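Below is one structure, written out as structure tokens; the observations come after it.
Numbering (the numbering used here), first residue to last: 3 to 320.
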């Protein structure tokens, strides 16, 4: 399944509908290791994504550089420093042949590193059965929302030590995924949630996450009904209020009426927005870029305010 629309609001609405179905509190800890493996990038995806930020926009537009074995070798050495020489050669050759096959280029012909070829590779990857970019992004957003909620200190105080430890382990592997690494269920491990913890998780989900998703869906629907174009943020013009409330809270300007649940709802929405607008397959509009430039530093500031840090990841393509 591809993105349902070129319209950001309609895509976000589709994501929220999918989240209601994907995020089940009684099975979330069972599913997350498999979700992390599903969304983690193959070498082909990771290399293609890396190529877009490895050169300047003008070089990408002109096709100044070529995709060759030397470039692939540099990528493999940079991203898999632990791999020995023989294994590295095999990875380089495998990726080299995949790229030529996917673009239908003879082995002897250099591949121009340009926007057109990068786009073609992403389209071909999306055509792989069972791995559409919509499904992957929906799962990425599910993971981001689930871990933001499961790592919440208020919830952790009510859970057993083993469950909290497993949630922390999932968070570590999520960091690896966000850095573009390939992860597997066999390395993450699986976990059988104790019955008492499951009850706590289900109750907390209903009080926080379910409410946040319902209100975010309602907000999107209201925006679509009252839509007007904002010069800086376009279709996002009306929903920017949620982001601004977080900014005001960090700066100490939000009133006492802005309670914990409202704050949680807004930060969940920010997590959804960040995952959506950094997706490599969405239409990269000026408004989406502007929203990313506003929201990413703000989320970093929020995590610092809460005594946490943003996991480092590859540079967003804007």
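Positions of the beta carbon are idealized from the N, C-alpha and C atoms, including for glycine.
All of these numbers come straight from a predicted model, not from anything done at the bench.
If residue 74 sits next to residue 97, beta carbons under 8 Å apart, how far is it from one beta carbon to the other, in whole angstroms?
-> As a working mapping, residue 74 is identified with position 72 in the chain shown. As a working mapping, residue 97 is identified with position 95 in the chain shown. Residue 74 to residue 97, Cβ: 5 Å. Contact.
Which of helix, strand or coil DSSP assigns to residue 284 | Sequence index remark: in the chain shown, residue 284 carries index 282 (1-based). Looking at residue 284 - three-state DSSP - the assignment turns out to be coil, as it is neither helix nor strand.
Residue ranges of each beta strand (DSSP E) run of no fewer than 3 residues wholly in the region 88-135, ordered along the chain?
-> 113-115
N-terminal and C-terminal residue of the beta strand (DSSP E) that residue 165 is part of | Taking the chain shown and counting its residues from 1, one reaches residue 165 at position 163. Per DSSP, residue 165 belongs to no beta strand (DSSP E); it is in the alpha helix (DSSP H), 163-180.
Looking only at its own chain, which residues have a Cβ that is under 6 Å from the Cβ of residue 323, when we skip the five neighbours before and after it?
-> Nothing in the structure corresponds to residue 323, since the chain is present only between 3 and 320.
Can you tell me whether residue 22 is buried or exposed, with buried defined as 16 or more other CB within 10 angstroms of its CB?
-> The sequence position of residue 22 within the chain shown is 20, counting from 1. By the neighbour-count rule (16 or more Cβ atoms within 10 Å), residue 22 is not buried but exposed.
For residue 280, count neighbouring Cβ atoms within 10 angstroms of its own Cβ and tell me buried if that reaches 16, exposed if not.
-> Within the chain shown, numbered from 1, the residue matching residue 280 stands at position 278. The residue is buried, with at least 16 neighbouring Cβ atoms inside 10 Å.
Between residue 101 and residue 190, what straight-line distance do the alpha-carbon atoms span, to the nearest angstrom?
-> Translated into positions along the chain shown, residue 101 becomes position 99. Translated into positions along the chain shown, residue 190 becomes position 188. If you take the alpha carbons of residue 101 and residue 190, they lie about 30 Å apart.
Contact the region 200-216 vs the region 63-74: 3+ CB pairs below 8 Å | As far as the Cβ criterion goes, the region 200-216 does not touch the region 63-74, which means the pair count is below three.
Provide the residue span of the alpha helix (DSSP H) that contains residue 32, from first to last.
-> Sequence index remark: in the chain shown, residue 32 carries index 30 (1-based). From DSSP, the alpha helix (DSSP H) with residue 32 extends over 30-41.
What does DSSP give as the partner residues of residue 68 in its beta bridges?
-> The residue you call residue 68 lines up with position 66 of the chain shown. For residue 68, which the question treats as bridged, DSSP gives the partners 114.
Would you call the CB atoms of residue 213 and residue 176 closer than 7 Å?
-> Here the question's residue 213 lines up with position 211 in the chain shown. Here the question's residue 176 lines up with position 174 in the chain shown. For residue 213 and residue 176, no; Cβs fall outside 7 Å.
Boundaries (first-last residue) of the alpha helix (DSSP H) holding residue 277 | Counted from its first residue, the chain shown places residue 277 at position 275. Counting along the chain, the alpha helix (DSSP H) containing residue 277 begins and ends at 262-279.
Does the beta-carbon distance from residue 38 to residue 193 come in below 7 Å?
-> Taking the first residue of the chain shown as 1, we reach residue 38 at position 36. Taking the first residue of the chain shown as 1, we reach residue 193 at position 191. Cβ distance not < 7 Å, so residue 38 and residue 193 don't count as in contact.
Buried or exposed: residue 119, going by 16 or more other Cβ atoms within 10 Å of its Cβ?
-> Residue numbering aside, residue 119 sits at position 117 when the chain shown is read from its first letter. The residue in question, residue 119, is buried, as its Cβ has 16 or more Cβ neighbours within 10 Å.
In the structure shown, what three-state DSSP assignment does residue 13 receive?
-> Taking the chain shown and counting its residues from 1, one reaches residue 13 at position 11. DSSP places residue 13 in helix when its eight states are reduced to three.
Beta-carbon separation of residue 50 and residue 123 under 7 Å?
-> For this step, residue 50 is matched to residue 48 along the chain shown. For this step, residue 123 is matched to residue 121 along the chain shown. Contact flag set, yes.
Span of the alpha helix (DSSP H) around residue 201 = By 1-based counting over the chain shown, the position of residue 201 is 199. Counting along the chain, the alpha helix (DSSP H) containing residue 201 begins and ends at 197-209.
So is residue 267 buried or exposed if we call it buried at 16+ other beta carbons inside 10 Å?
-> Position 265 of the chain shown, counting from 1, holds the residue named residue 267. That one is buried.
Cα separation between residue 142 and residue 276?
-> Taking the first residue of the chain shown as position 1, residue 142 is located at position 140. Taking the first residue of the chain shown as position 1, residue 276 is located at position 274. Looking at the two C-alpha atoms, the distance is approximately 11 Å.
Taking DSSP as the reference, what is the three-state secondary structure of residue 77?
-> Translated into the one-based positions of the chain shown, residue 77 becomes position 75. Helix.
Chain D beta carbons: is any one of them nearer than 7 Å to that of residue 207?
-> Here there is only one protein chain, and chain D is not present.
In this structure, does DSSP put residue 193 in helix, strand or coil?
-> The sequence position of residue 193 within the chain shown is 191, counting from 1. It is coil, neither helix nor strand.
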